[in-house]
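Only one structure is covered here, and it is reproduced in the block below.
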Amino acid sequence: MISSVKSLTVYGENTQQQQNTAKDNISNNNLDQSSIERFPLRDAEFVEEKLEFMRKQKIWPNCKRYLWTDAFGLVQYCTLYHQTQNEKYKENAEWLVREVDRVLGRKKGYRIGEEASRDGQYYHYLIMWVYALHCLSSIIPEYHEKAVQIIKDIHPHFLNKPYGLYWKMVEDLSTVYPGFGIGGLDHYKGYVVYRLIDPIALSSEINDLREIVERKYRGFSCTQDLGLGMMLWSSHFFPNEEWSKKIRNEALRQLEDMWVSEDDSRKGYFCRHPMSRNVKFSFTNFGVSLGLQCVNELTDKVTQLNELFKDYQSGTEYDVKAITHVMETTSHNPGMFIDVTKFYEGNELLLIVNNNGELYVNGRGEIYNEYFAIPGMNRSSKEAKFSQFTKLDIPFKVKRIRCLPNSSVLLSTTNDLYTFNDGTLERVKTIPNIKINSSYFDTPIYLVSEDGNCYKSEYHTLDFSIAMVHSNDCKGIKL
Numbered sequence: 006m007i008s009s010v011k012s013l014t015v016y017g018e019n020t021q022q023q024q025n026t027a028k029d030n031i032s033n034n035n036l037d038q039s040s041i042e043r044f045p046l047r048d049a050e051f052v053e054e055k056l057e058f059m060r061k062q063k064i065w066p067n068c069k070r071y072l073w074t075d076a077f078g079l080v081q082y083c084t085l086y087h088q089t090q091n092e093k094y095k096e097n098a099e100w101l102v103r104e105v106d107r108v109l110g111r112k113k114g115y116r117i118g119e120e121a122s123r124d125g126q127y128y129h130y131l132i133m134w135v136y137a138l139h140c141l142s143s144i145i146p147e148y149h150e151k152a153v154q155i156i157k158d159i160h161p162h163f164l165n166k167p168y169g170l171y172w173k174m175v176e177d178l179s180t181v182y183p184g185f186g187i188g189g190l191d192h193y194k195g196y197v198v199y200r201l202i203d204p205i206a207l208s209s210e211i212n213d214l215r216e217i218v219e220r221k222y223r224g225f226s227c228t229q230d231l232g233l234g235m236m237l238w239s240s241h242f243f244p245n246e247e248w249s250k251k252i253r254n255e256a257l258r259q260l261e262d263m264w265v266s267e268d269d270s271r272k273g274y275f276c277r278h279p280m281s282r283n284v285k286f287s288f289t290n291f292g293v294s295l296g297l298q299c300v301n302e303l304t305d306k307v308t309q310l311n312e313l314f315k316d317y318q319s320g321t322e323y324d325v326k327a328i329t330h331v332m333e334t335t336s337h338n339p340g341m342f343i344d345v346t347k348f349y350e351g352n353e354l355l356l357i358v359n360n361n362g363e364l365y366v367n368g369r370g371e372i373y374n375e376y377f378a379i380p381g382m383n384r385s386s387k388e389a390k391f392s393q394f395t396k397l398d399i400p401f402k403v404k405r406i407r408c409l410p411n412s413s414v415l416l417s418t419t420n421d422l423y424t425f426n427d428g429t430l431e432r433v434k435t436i437p438n439i440k441i442n443s444s445y446f447d448t449p450i451y452l453v454s455e456d457g458n459c460y461k462s463e464y465h466t467l468d469f470s471i472a473m474v475h476s477n478d479c480k481g482i483k484l
């Protein structure tokens, strides 16, 4: 039985061949073999020290708000919470969301930044913010609905079907921002993030972007360092889809041409553009680092660029900009940026749902910080005590999963509730238009459907029939 629950993340694919390649690359650069790093990086200590430094220097989060930076910072808070179980990171995350809502929030969407010159709304900033809320929903489920609603609010305004998504809109979303047109990359990021957040509630919006992606991906081209890094990030969630493979291969090819080695070959950077090989920005390189760690390619370059920018001073405002330092934490601890597939731990069972909604089970005991190989999850073993998972042959895909004291409850994409007890999967009930499968309580478990009906289970679990309850019984219940 599952008696305890941890919502964690599992990390990127790292085959033996890739590990050997990384060792060879580092060896060719005459680095000591003891310095070989495992990827993706997981350096919470570095991040905690950097956060303390930024706060003391009033760099971040006690600074003027900027949506892109705050999105990356929010994901880092969520990552640290899962890695350390320290409540302060959950509290910091909620504080940050309130501040962003207060300062940048508009009737629909969010302003780019607090400074006067940061007016208007960028689609790609908004997408990173809703992704960050998606990460936070793994800790506090209510933020799922917030992310969905933001997408519902902004999508019709940015969409110019069948051509694509506008890159930038005026602040009230009434028209495109003067001088800006259709973005070249935004539809890929939107397509991925919508699917991750809620493939059911956002099915119409997903179909809009699917058509654009399918029409455009064969001609994909990008020559900007950060754009390439973020496209690698976008490609890793659904790695076997044709558009994803095309983008990943093209981005890696382009990045290899943009690599510039320093004199001693132990440091280097990705230039801003192929025609500007002497132009380098630390924060854009950290974004490339994230992308490379997502697909586990060119990871020797990750080591070298982190080393170069560790003490780098450009002599520009970016030396003290929050975007530089916050994105550096992502390079050293990408965490929940790398596929927020959640798994649940118990004394006897481990249930995992991959990005395709397929359910896997392992019954060989407790796990701690190991890494696992699950098809459709793009993950692989690092120091796993076990890696044998059995795919359950189920006639549905899993939308959400909750672990209870004596069983697990699964919500399918067809809104059927199932229980998983002692290896047996049983359907309990169909609840039309279900909106929230609530966070678990001691007793009972409550669920609410979109039509406002409230349901509860008895005896801590959903082994028994779920009864509809009077609305008064739901007052004060935090769902």
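Residues in the sequence shown are numbered from 6 upward in steps of one, following my numbering.
Backbone N, C-alpha and C fix where the C-beta goes; we use that ideal spot for every residue, glycine too.
Computed from a predicted model, the values in this text were never measured in an experiment.
query                                                                                                                                                       : result
From S336, R200, E261, K113, pick the residue whose C-alpha is nearest to that of D213; which is it?                                                        : R200
What do you get for N283, buried or exposed, if any count of 16 or more other CB atoms within 10 angstroms of its CB means buried?                          : exposed
Tell me whether R220 is buried or exposed, calling it buried when 16 or more other Cβ atoms sit within 10 Å of its Cβ.                                      : exposed
Looking only at DSSP bridge pairs, what is Y274 linked to?                                                                                                  : V265
Alpha carbon to alpha carbon, how far is R111 from G125?                                                                                                    : 11 Å
Residues in its own chain within less than 6 Å of L141 by CB, not counting five upstream and five downstream?                                               : C83, A98, Y148
Hey, would you say N165 sits closer than 8 Å to I187, going by beta carbons?                                                                                : yes
Out of curiosity, what's the CA-to-CA distance linking F494 and T74?                                                                                        : The structure shown does not extend to residue 494, since the chain is modelled only from 6 to 484, so the question has no answer here.
Give me the Cα-Cα distance between P244 and F275, rounded to the nearest whole angstrom.                                                                    : 24 Å
Within 8 Å, do at least three Cβ pairs link the stretch 103-119 to the stretch 55-65?                                                                       : no
Applying the 10 Å Cβ sphere with the 16-neighbour rule, what's the burial state of A327?                                                                    : buried
Name, in chain order, the residues that DSSP records as bridge partners for V300.                                                                           : The partner list for V300 (beta bridge, DSSP) is empty, contrary to what the question assumes.
Short of 7 Å in beta carbon distance, which residues of its chain neighbour P279, apart from the five on each side in sequence? Order them along the chain. : T228, D262, M263
Does the distance from the C-beta atom of Q154 to that of N338 stay below 8 Å?                                                                              : no
Under 7 Å Cβ to Cβ from V175, same chain only, skipping five residues before and after it: list those, please.                                              : G125, Y182
From D203 to W134, what distance separates their C-alpha atoms?                                                                                             : 15 Å
If you measure between the beta carbons of E333 and F291, is that distance less than 8 Å?                                                                   : yes
Taking Cβ positions, are Q298 and F44 nearer each other than 8 Å?                                                                                           : yes
Is it true that the CB of A256 sits closer than 8 Å to the CB of L237?                                                                                      : yes
Measure the C-alpha to C-alpha separation of A137 and M235 and round it to an integer number of angstroms.                                                  : 15 Å
Which same chain residues end up closer than 8 Å to Y130 when comparing Cβ atoms and leaving out the 5 residues on each side of it in sequence?             : L72, W73, A76, Y115, I117
In the DSSP assignment, what residue or residues form a beta bridge with Y127?                                                                              : K173
Can you give me the Cβ contacts of E119 inside the same chain, cut-off strictly under 6 Å, excluding the 5 residues immediately before and after it?        : K69, R70, V108
In chain order, what residues of the same chain lie with their CB nearer than 6 Å to the CB of D48, ignoring the 5 residues before and after it?            : H337, N338
Look up Y168 in the DSSP assignment and say whether it is helix, strand or coil.                                                                            : coil
Tell me which residue opens and which closes the alpha helix (DSSP H) that A206 is part of.                                                                 : No alpha helix (DSSP H) holds A206; DSSP gives it neither H nor E.
Under a three-way DSSP split, which group does L79 fall into?                                                                                               : helix
According to the neighbour-count rule (16 or more other Cβ atoms, all chains shown, within 10 Å of its Cβ), is S40 buried or exposed?                       : Residue confidence is low: S40 scores 38 on pLDDT, short of 50, so the model does not pin down where it sits. Its coordinate-derived value is still stated next. Under this definition S40 is an exposed residue.
Rounding to the nearest angstrom, what Cα-Cα distance links K157 and V198 in this structure?                                                                : 13 Å
Please classify F58: does DSSP put it in a helix, a strand, or coil?                                                                                        : helix
Which residues in the same chain have their Cβ closer than 7 Å to the Cβ of E267, if we skip the five residues on either side of it in sequence?            : G273, L313
What residue does the alpha helix (DSSP H) around M236 start on, and which one ends it?                                                                     : 230-240
Do you know how far the Cα of E150 is from the Cα of T289?                                                                                                  : 31 Å
Please look up how many angstroms separate the CB atoms of L56 and L79, rounded, as I've assumed it's under 8 Å.                                            : With 8 Å as the limit, L56 and L79 do not qualify as a contact, their Cβ atoms being about 13 Å apart.
Let's see if you can read the secondary structure: which residues bound the alpha helix (DSSP H) around P161?                                               : 148-163
Can you tell me whether DSSP reads D421 as helix, strand or coil?                                                                                           : strand
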